[in-house]
Amino acid sequence: MNCFILITGYFLPHSRFGLKKLVLLVCQTEFYLIFCRAVLVLLGQAEWTSWMLKDYLFPILRPQYWFVSVYVLIYLLGPYLQKLVQAMNQQEFARLLLIQLGVWSVYPTVVQGLLYQNGNTEGMTYYSRFVWLIVMTLLGAYIRLYGLPFLANLKRSILCTLASFGAIVLFVLGVELGILTFPGIGPVYFWPPNAVLLVLLSVGLFGVFVHLPVPAVGWVNYTASCTLGIYMLHDGSLQAFWWRQVFRNATHQDSRFFLIHIGIATGLILLLGTGIDSGRKVLEEGISRLWDKLTAGKGKIPSSSR
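For the sequence shown, the positions run 216 to 521 when the working numbering is used.
What follows is the structure in structure tokens.
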């Protein structure tokens, strides 16, 4: 999640708002709402009659896909965030980020969490996922414009990634083995997106791919274009179906083959989701052409007025 929004912020300074993109995103969300519901109906686990018209309306503003809702809000605010970024100099921008990261990452993680033994870094200081992803968007824009010293090259980015990942692993092992004891805090304490170590891991990993000299690979780029659809396929109304009935992750968590099981489940979801989203893209192309026809000529100056 952090890395996805860092990418959005990275292109913010030079991006342009497009209503067509917003319309297509709404249509994509509507597609998965209906598709996932249809699957449950075919499986006999839901009925169409239990859905009312309002369940089909406003797919972006309903809580079915919180990430999509937040992403759309950020997209709508994009032009104004862009103006904010352009209006600040580097020093002002850095101070803004330091305040935001201090209030919504460092303070919850270190003070409220470890000092006052509150095991939820997301449940305080007027925090919300929307607020946090705004912070990540601005951080991505700052990296694009000014960079960060510890991400100055590939070697430093790899070091940041490995150090933060290693610290998380050591913390998990320390808590599980009883070496580290923090009342009210479990081994997954650094899982939330605003936890300090996860922020460093996200930024480090992002830096690795910024500096990594990887050529464009067609199938990789195509699969990447399907990732939002894959998210909506496995994290919507079919979530319980995938993880409790098909893959049954909970029943395998004590198995020595658990990591293999997770890898197979992830790979199958990736392949299936890419296939389904490829079919959806055919519909999207039709909607895109229709949109282009309906908006053709708008904004042009009539020849008689030239």
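We treat Cβ as the ideally placed atom computed from N, Cα and C, and that holds for glycine. Just so you know, these numbers come straight off a predicted model, no measurement behind them.
What did DSSP end up calling Leu507 once you bin it into helix, strand or coil?
-> Residue identity differs from the one stated: residue 507 is Asp in this sequence, not Leu. The answer is helix: DSSP assigns Asp507 an H, G or I state.
Note down the Cα distance separating Phe421 from Cys218, rounded to an integer number of angstroms.
-> 6 Å
Using a Cβ-Cβ cut-off of 8 Å (strictly less than) and excluding sequence neighbours within five positions of Val325, which residues of its own chain qualify?
-> In its chain, beyond the 5 residues on either side, Val411 have a beta carbon closer than 8 Å to the beta carbon of Val325.
Cβ distance (whole Å) where Leu377 is taken to contact His426 below 8 Å | About 15 Å separates the two Cβ atoms, so there is no contact after all.
Alpha-carbon spacing of Ile475 relative to Ile383, whole angstroms = 21 Å
Secondary structure of Pro323, DSSP reduced to three states = Residue state, collapsed to three classes: helix.
Rounded C-beta distance between Gly444 and Ile491? I'm assuming under 8 Å.
-> 7 Å
Report the rounded CA-to-CA distance for Phe232 versus Ala465, giving the unit in angstroms.
-> 43 Å
Kindly indicate the opening and closing residues of the alpha helix (DSSP H) around Glu307.
-> 305–316
Helix, strand or coil: how does DSSP classify Asn335 here?
-> coil
Given a cut-off of 8 Å, decide if Ile477 and His449 are closer than it, judged by their beta-carbon atoms.
-> no
From Gly401 to Gly338, what distance separates their C-alpha atoms?
-> 15 Å
Is the Cβ-Cβ distance between Leu395 and Phe405 less than 8 Å?
-> no
Considering only the beta carbon of each residue, do Gly355 and Thr489 sit closer than 8 Å?
-> Going by C-beta atoms, Gly355 is not nearer than 8 Å to Thr489.
Beta-carbon spacing of Cys375, Val414 below 8 Å | no
For my contact list, Val300 and Pro228 are in at a C-beta cut-off of 8 Å; report their separation, rounded to the angstrom.
-> 6 Å
Cβ neighbour criterion (16 or more within 10 Å) applied to Ser470 = Exposed is the call here.
Under a three-way DSSP split, which group does Trp406 fall into?
-> coil
For Leu312, verify whether its CB is less than 7 Å away from any heavy atom of the ligand NAP.
-> No copy of the ligand NAP appears in this structure; indeed no ligand is present at all.
Does DSSP classify Arg471 as helix, strand or coil?
-> coil
Can you list, in chain order, the residues of its chain whose CB lies under 8 Å from that of Phe275, leaving out five sequence neighbours each side?
-> In the sequence under discussion, the amino acid at residue 275 is Ile, which differs from the Phe named in the question. Same-chain partners within the cutoff: Leu240, Val241, Thr244, Val283, Ser284, Val287.
May I ask which residues mark the beginning and end of the alpha helix (DSSP H) holding Trp263?
-> Careful: Trp263 lies outside any alpha helix (DSSP H) and carries neither H nor E.
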